[in-house]
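Trainee: Have a look at the structure that comes next, please.
Protein chains: 4
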Amino acid sequence: MLIVMDSAASAEDIRRVVESVRGLGLQAHPIPGAQRTAIGITGNRGAVDAGAFENLPGVAEVIPVSAPYKLVSREAKRENTVVSVGGVPVGGERLAVVAGPCAIESEAQALEIGRQVRAAGATLYRGGAFKPRTSPYSFQGLGREGLEILGRVRAETGLPVVTEVLDTETVDLVAEYADCLQVGARNMQNFSLLRRLGRLRKPVLLKRGMSATIEELLLSAEYLLAEGNYDVILCERGVRTFVDHTRNTLDLSAIPYVKRISHLPIVVDPSHGTGKRDKVLPLSRAAIAVGADGLLIEVHHQPEAALSDGPQAILPEMLRQLMDETRRLAPVIGRTI
Amino acid sequence: MLIVMDSAASAEDIRRVVESVRGLGLQAHPIPGAQRTAIGITGNRGAVDAGAFENLPGVAEVIPVSAPYKLVSREAKRENTVVSVGGVPVGGERLAVVAGPCAIESEAQALEIGRQVRAAGATLYRGGAFKPRTSPYSFQGLGREGLEILGRVRAETGLPVVTEVLDTETVDLVAEYADCLQVGARNMQNFSLLRRLGRLRKPVLLKRGMSATIEELLLSAEYLLAEGNYDVILCERGVRTFVDHTRNTLDLSAIPYVKRISHLPIVVDPSHGTGKRDKVLPLSRAAIAVGADGLLIEVHHQPEAALSDGPQAILPEMLRQLMDETRRLAPVIGRTI
Amino acid sequence: MLIVMDSAASAEDIRRVVESVRGLGLQAHPIPGAQRTAIGITGNRGAVDAGAFENLPGVAEVIPVSAPYKLVSREAKRENTVVSVGGVPVGGERLAVVAGPCAIESEAQALEIGRQVRAAGATLYRGGAFKPRTSPYSFQGLGREGLEILGRVRAETGLPVVTEVLDTETVDLVAEYADCLQVGARNMQNFSLLRRLGRLRKPVLLKRGMSATIEELLLSAEYLLAEGNYDVILCERGVRTFVDHTRNTLDLSAIPYVKRISHLPIVVDPSHGTGKRDKVLPLSRAAIAVGADGLLIEVHHQPEAALSDGPQAILPEMLRQLMDETRRLAPVIGRTI
Amino acid sequence: MLIVMDSAASAEDIRRVVESVRGLGLQAHPIPGAQRTAIGITGNRGAVDAGAFENLPGVAEVIPVSAPYKLVSREAKRENTVVSVGGVPVGGERLAVVAGPCAIESEAQALEIGRQVRAAGATLYRGGAFKPRTSPYSFQGLGREGLEILGRVRAETGLPVVTEVLDTETVDLVAEYADCLQVGARNMQNFSLLRRLGRLRKPVLLKRGMSATIEELLLSAEYLLAEGNYDVILCERGVRTFVDHTRNTLDLSAIPYVKRISHLPIVVDPSHGTGKRDKVLPLSRAAIAVGADGLLIEVHHQPEAALSDGPQAILPEMLRQLMDETRRLAPVIGRTI
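From first to last, the protein sequence lines stand for chains A, H, D and R. Sequential numbering from 34 applies to the first sequence in this note's numbering. Sequential numbering from 34 applies to the second sequence in this note's numbering. Sequential numbering from 34 applies to the third sequence in this note's numbering. Sequential numbering from 34 applies to the fourth sequence in this note's numbering.
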């Protein structure tokens, strides 16, 4: 259930509603908007009686929510959420470009790529310290050492960093170094991890699972918001289908669909979404044109020597071209970069 | 096998190679390019001996083709094929926008929509006279009467028309009225129909099957070229996956993939590709940005009353907005409209 | 709409209802059952008024049908349909085993395999004279010569034959030789072919399309019944998914689902359903156990030399083992062989 | 790499090979078989020189392993692995039937169902104390209280219990009560959880992910074996496809495929595999017929009141029928129950 407050409602009105909700043994989630505040109610098994709230001062409307997600929905908050990642806004007018290597392999590699992506105009840096690998015998990342390197990349380039967290045990460690914690496709329904990240006060980038519907993606985001973390960025990274000319099938229709039903920002990862270097630029253009809030791009200066996902990493000069194309596309759809 | 001729090879040289091929009981397909002519060889069960040709005058190179398709491949022809549909080029610098109703319902409806799509700037008209319908009890199209109406729409609007052909029996009838014959997704592997259309001298728009790989799409096009019809336009219209927020999943990565391995033009149908009116514009922008040669758009002035596929038809004013967006996107990717 | 007649209704009562239906410009399809006759009404665009029929003599009940298919549904006919293929019943207590080569390659090959499958206990013979091939350069079948060979196989082995028909042009030719005409997966929605076969008086084996839902399969069957051909056998042959260890994913849950909602028999093709010789026997056992009415099995005495689909053909001795296993499984599920 | 020992090799020979492997900084995994022992080598980034081992006493053969999985492969161990779950063998001649409610809801419910499934002949009890739920607002299980109830069900019925573990934090708690820990489909690639369970000395039932290939499933199992836990049972529970008449598409061809390439037992879950009560029995028969080592079945005495997955739970009397059918099928495929 959602309680929508009058635009003239006072802080005291809101406090009173929150208390009434808690008095019924339920959780109240005030969601401030530009015009008015909505208060999401969770914790109820069945229906909640609207009558308990609609006569309280400052209450404009009580909406029974039929969609399974509540706090992530546009009904709960009409304005787009803009998430600040180390000071860089994601979800607003300005497009975000998160670029960097799949995995941090060494300080030299990470810094070299960092300098190049900053020079190209990327706004955030990405790089994996903990890598989820299909095989136990593949390179699993540098771990803590990788995080320390990420810290040095940020210090030198000034770019806030996004990096993946694999399990609850390492959440605190990763949060020490990361400006935004990424949840990978394989962990989209790792609910224990989501709950733990929901109690964190750092942005989370949540990737769509390999065969997840948008409803499932939004419900996973709902786990984060229900615990109190509203700084969530969604990410479309391709789904698994019969199609064999790309590694995954990038589902770009997901972008306008999410934009319509949710207030959360959504970015696109054409590197995993196609798995092919020569498809990254055209699909990046398409992602911007369809309305994504940004891109997540794997860049490597020596992709043939990369320890992970080399065939999909683009070269720094390709990133420069991508940024150039994005700069020219942005105004057509009313965005900047 | 492909025989690539010298750029200086004479018509006589080409004739001599063709005769040698036929002398071996095989078919020769000369494919003239801007610089040089290639000659595709088909009809062989196993390998053909390259030695039989490489010493003939004017022969630059003999390439054993490992891909299962030959005539549709970039190896056979380096330059993009530009198909002329009633004088409108598809596949060149200029983007094609094929717009009109799903089905021709009446002369009034067809003409009204025709006037509006021409006013919006569409370059070709589409409308179905024969409709393939999942249920035998659904509206199956006006048939011959629909074709006659299409003729009147062309006469009045000046727009060449694209319309679907369902079977070999009606190929001649449809060809009398259509400037381009469309093969629907369900017929992509109707090989008898493809062979018959291959012997026609009219352009064919071939839609990707609902679960076809790109290799299968290109092999179906190969049926057309192998019979002598080189005026083939491919069409991506979405594939069937588990995804439930759209009717099909539009596979935009197919566009750069086809562009790399084939010389044929490829357009995108975001109407069937999403099945949702409010997704048509964003996915049209994405299709243009990814490099498609054009769009196939369902337009209806009264979609709630449409006899077929109403929920995905856009209104004429939405087409005007789409054309406007396309006009601004085109120069970014080096195209015109 | 379905009109269910009293078990005591007379032929005259039925005739009167049929005439009333026709009087409204609609088609009537009397479907005799063991206990009672139902009369399907088709041809209506919207709802038909039940009142027009429910007071006629002999009418027990008038059922508005909400499912998009009518004549194929269990509501239209409670008893299982048993189709006689050249005297061999398909859909009754006895399991049907249709076995033979993918393609007829020569009289020697066809007869040799025919003798062996008869010896193993197969009840019907299969073999393709017209082959739908993804590539125009693959072996396309022997055509009329293949049909003549099929005639000789039947004469020598006594087994009725099932063979594929590709287009309307060859329906009459194929019907001359075949006891049952097969519609392949790629033609499941070739509605012109279905309508033509609906006017034939020979059984049709209709294969599920590569990405067809069961509703779409049943609606394609409805095309046949709506034209008057009630002798339809459905066939599950695997669907296309991301799964890569088999060529297709055999959807065995389709069998009990079809059995519940339709009266038509359904057989399983584990040869195409898996594309792997060593999976044919286990999946044949599973198909029988799940309730299929029979099997469609590719057999070749020299699979390594087969002109088509060699890797999935089983050897004659494997068919003998399959028949032996089927014989032991049948009684467990109340069937015979 | 695999080192296969002579059947006459002594314990001392094996010890010496293990030491040589460790001397190179690698891990050695001795895998005793009925005839001979194999020693898997892991921890190597590139190729290992076979020469270092093939001249050691007792070494029969050194096999470079090209498949990405090693310890789970038939090459590593020819004989089927039989896992003992609280004394009940899974993977041998005798079929295992794991039955019980989706979620433990109360002691009364759990015990009532426990008595009924034991009476029907089930060999193991299943029931969830920790439930992974798509929505944060769905019933998440009774947690520790559920585990305690499971302990009482085991005490009263004598059936060993299988229950799901969701995260590393609760592994020890769950292991205290469970005879076998289940990893759900959503956690199949939760590698931190797999590593932790690999260090446990309790059997693990590993479910295939919703869109996992068999190679990915086996590599996830490899995580468990590589950490030293060889008591792994695989489970096919359906994959996500476009098919809409069942909740998932049960991929029964996976069973003979896994059986050929791996020594691990594999069971089938037709409850999640179909999501429909009326499909559970036919698909259970099919699973047994195809060669599964057992079944995982959701049973509820009041499915309409179940807190989770009611529509797929079968009634106790249906389980009795299922057991009866299984008893009659088992001998046909050389199994017992």
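Ideal Cβ positions, reconstructed from N, Cα and C, are used throughout, including at glycine.
#1: Between the stretch 59-77 of chain D and the stretch 340-359 of chain H, do at least 3 Cβ pairs fall closer than 8 Å?
#2: Residues of chain A with CB closer than 7 Å to the CB of R273(D), please, in chain order.
#3: Can you tell me which of the three DSSP states I137(H) falls into?
#4: Is it buried or exposed, N88(R), if we count other Cβ atoms within 10 angstroms and call 16 or more buried?
#5: Could you give the DSSP three-state label for V186(D): helix, strand or coil?
#6: Please state if the CB of N262(H) and the CB of R14(H) are separated by a distance shorter than 9 Å.
#7: If you measure from the beta carbon of K309(A) to each beta carbon in chain H, is any gap under 9 Å?
#8: Could you check what DSSP says for A83(D) in three-state terms: helix, strand or coil?
#9: Starting from Q215(D), trace the beta strand (DSSP E) both ways and give me its first and last residue.
#10: Identify, in the order they occur along the chain, each residue of the same chain with its Cβ nearer than 8 Å to the Cβ of M38(D), setting aside the five sequence neighbours on each side.
#11: For my contact list, R270(H) and R310(H) are in at a C-beta cut-off of 8 Å; report their separation, rounded to the angstrom.
#12: Between D200(R) and chain A, is there a C-beta pair that is closer than 9 Å?
#13: Count the other CB atoms, across all protein chains shown, that sit within 10 Å of the CB of S253(A); report buried if there are 16 or more and exposed otherwise.
#14: Closest to T28(R) by C-alpha separation, out of V204(R), V186(R), T203(R) and A211(R), would be which residue?
#15: Got a sec: is the Cβ-Cβ distance from K103(R) to anything in chain D below 9 Å?
#16: Name the chain H residues whose beta carbon is nearer than 8 Å to that of K312(A)?
#17: According to DSSP, is T274(H) part of a helix, a strand, or is it coil?
#18: Identify the residues that DSSP records as bridge partners of L328(D): which are they?
#19: Helix, strand or coil for V198(A), going by three-state DSSP, please let me know.
#20: Quick one: is I330(R) near chain D, going by C-beta distance under 9 Å?
#21: With 9 Å set as the bound, which would you pick, yes or no: does the beta-carbon of R368(H) sit closer than that to a beta-carbon of chain D?
#22: Taking 8 Å as the threshold, find out whether the stretch 158-168 of chain R comes into contact with the stretch 270-288 of chain R through three or more Cβ pairs.
#23: Just verifying my parser: in three-state terms, what is the DSSP assignment at V115(A)?
#24: Please report the Cβ distance between A85(H) and S53(H), rounded to the nearest whole angstrom; I am assuming they are in contact, meaning their Cβ atoms lie under 8 Å.
#25: What is the rounded straight-line gap between the Cα of L238(H) and the Cα of A152(H)?
#26: Could you check whether the Cβ of I299(A) sits closer than 9 Å to any Cβ belonging to chain H?
#27: Going along chain D, which residues have a C-beta under 9 Å from A259(H)?
#28: Ignore the nearest five residues each way along the sequence and tell me which others in G184(D)'s own chain have a CB closer than 7 Å to its CB.
#29: Based on Cα-Cα distance, which residue from L250(R), P97(R) and A41(R) lies nearest to V291(R)?
#30: Determine the extent of the alpha helix (DSSP H) in which Y210(A) is found, giving its start and end residues.
#31: Which of the residues in the stretch 331-361 of chain R, read from start to end, lie with their CB under 8 Å from any CB of chain D?
#32: Can you list, in chain order, the residues of its chain whose CB lies under 7 Å from that of R177(A), leaving out five sequence neighbours each side?
#33: Report, in whole angstroms, the separation of the C-beta atoms of N136(H) and L329(H), which I expect to be a contact under 8 Å.
#34: Looking only at its chain, what residues have a beta carbon closer than 8 Å to the beta carbon of S317(D), apart from the 5 residues adjacent to it on each side?
#35: Under 9 Å, Cβ to Cβ, is there at least one residue of chain R near Q222(A)?
#36: Report buried or exposed for A319(A), applying the criterion of at least 16 other Cβ atoms within 10 angstroms of its Cβ.
Mentor: Taking the structure as given:
#1: no
#2: Residue 273(D) sits at position 240 when you count from the first residue of the third sequence. F275, listed in chain order.
#3: As a first step, residue 137(H) is located in the second sequence; it is residue number 104 there, counting from the start. Coil at I137(H), not helix or strand.
#4: One-based indexing of the fourth sequence puts residue 88(R) at position 55. Exposed, because fewer than 16 other Cβ atoms sit within 10 Å of the Cβ of N88(R).
#5: On the third sequence, position 153 is the one that residue 186(D) refers to. The answer is helix: DSSP assigns V186(D) an H, G or I state.
#6: Residue 14(H) lies beyond the stretch modelled for chain H, which goes from 34 to 370, so this question has no answer here.
#7: Against the first sequence, residue 309(A) aligns to sequence position 276. So yes, K309(A) belongs to the interface.
#8: Numbered from 1 along the third sequence, position 50 holds the residue referred to as residue 83(D). Looking at A83(D) - three-state DSSP - the assignment turns out to be coil, as it is neither helix nor strand.
#9: Indexing the third sequence from 1 puts residue 215(D) at position 182. Start and end: C213 to V216.
#10: Reading the third sequence from its first residue, position 5 is the one you call residue 38(D). Hits under 8 Å: D46, I47, V50, R69, T70, A71, I72, G91, V92 and A93.
#11: The sequence position of residue 270(H) within the second sequence is 237, counting from 1. The sequence position of residue 310(H) within the second sequence is 277, counting from 1. With a Cβ gap of about 16 Å, R270(H) and R310(H) do not count as contacting.
#12: Here residue 200(R) corresponds to residue number 167 of the fourth sequence, with the count starting at 1. Judged by the 9 Å Cβ criterion, D200(R) is in contact with chain A.
#13: As a position in the first sequence, residue 253(A) is number 220, starting the count at 1. S253(A) is buried by the Cβ-count criterion.
#14: In the structure as shown, chain R begins at 34 and stops at 370. Residue 28(R) is therefore absent and cannot be evaluated.
#15: The residue you call residue 103(R) lines up with position 70 of the fourth sequence. Chain D contact via Cβ: absent.
#16: For the purposes of this step, residue 312(A) is identified with residue 279 of the first sequence, where counting begins at 1. What K312(A) touches in chain H: S286, P289 and Y290.
#17: Translated into positions along the second sequence, residue 274(H) becomes position 241. Looking at T274(H) - three-state DSSP - the assignment turns out to be coil, as it is neither helix nor strand.
#18: Counting from one through the third sequence, the residue named residue 328(D) turns up at place 295. Beta-bridge analysis with DSSP links L328(D) to V130(D) and V301(D).
#19: On the first sequence, residue 198(A) is found 165 positions in, with the first residue counted as 1. Three-state DSSP puts V198(A) in coil, outside helix and strand.
#20: One-based indexing of the fourth sequence puts residue 330(R) at position 297. With 9 Å as the cut-off, I330(R) does not count as an interface residue toward chain D.
#21: Locating residue 368(H) in the second sequence gives position 335, counting from the first residue. Closer than 9 Å: no.
#22: no
#23: For the purposes of this step, residue 115(A) is taken as the residue at position 82 of the first sequence. Coil at V115(A), not helix or strand.
#24: Counting from one through the second sequence, the residue named residue 85(H) turns up at place 52. Counting from one through the second sequence, the residue named residue 53(H) turns up at place 20. Going by Cβ atoms, the distance from A85(H) to S53(H) rounds to 7 Å, so yes, they are a contact pair.
#25: Locating residue 238(H) in the second sequence gives position 205, where the first residue counts as 1. Locating residue 152(H) in the second sequence gives position 119, where the first residue counts as 1. Whole-angstrom Cα-Cα distance: 24 Å.
#26: On the first sequence, residue 299(A) is found 266 positions in, with the first residue counted as 1. No, its Cβ sits nowhere closer than 9 Å to a Cβ of chain H.
#27: Here the question's residue 259(H) lines up with position 226 in the second sequence. Per Cβ cutoff of 9 Å: P169 and Y170.
#28: The residue labelled residue 184(D) in the question sits at position 151 within the third sequence. Y210, listed in sequence order.
#29: In the fourth sequence, the residue the question calls residue 291(R) occupies position 258. For the residues L250(R), P97(R) and A41(R), the minimum Cα distance to V291(R) belongs to L250(R).
#30: Taking the first sequence and counting its residues from 1, the one referred to as residue 210(A) is at position 177. Judged by DSSP secondary structure, Y210(A) falls within the alpha helix (DSSP H) whose first and last residues are V204 to Y210.
#31: E358 and R361
#32: In the first sequence, counting from the first residue as 1, residue 177(A) sits at position 144. L206.
#33: Locating residue 136(H) in the second sequence gives position 103, where the first residue counts as 1. Locating residue 329(H) in the second sequence gives position 296, where the first residue counts as 1. For the record, residue 136(H) in the displayed sequence is Ala; it is not Asn. Here A136(H) is actually not in contact with L329(H); their C-beta atoms are around 14 Å apart, not less than 8 Å.
#34: On the third sequence, position 284 is the one that residue 317(D) refers to. Contacts found: V301, P303, L328, I330, L355, E358 and T359.
#35: Position 189 of the first sequence, counting from 1, holds the residue named residue 222(A). Closer than 9 Å to some Cβ of chain R, the Cβ of Q222(A) qualifies, so yes.
#36: Position 286 of the first sequence, counting from 1, holds the residue named residue 319(A). Buried: at least 16 other Cβ atoms inside 10 Å.
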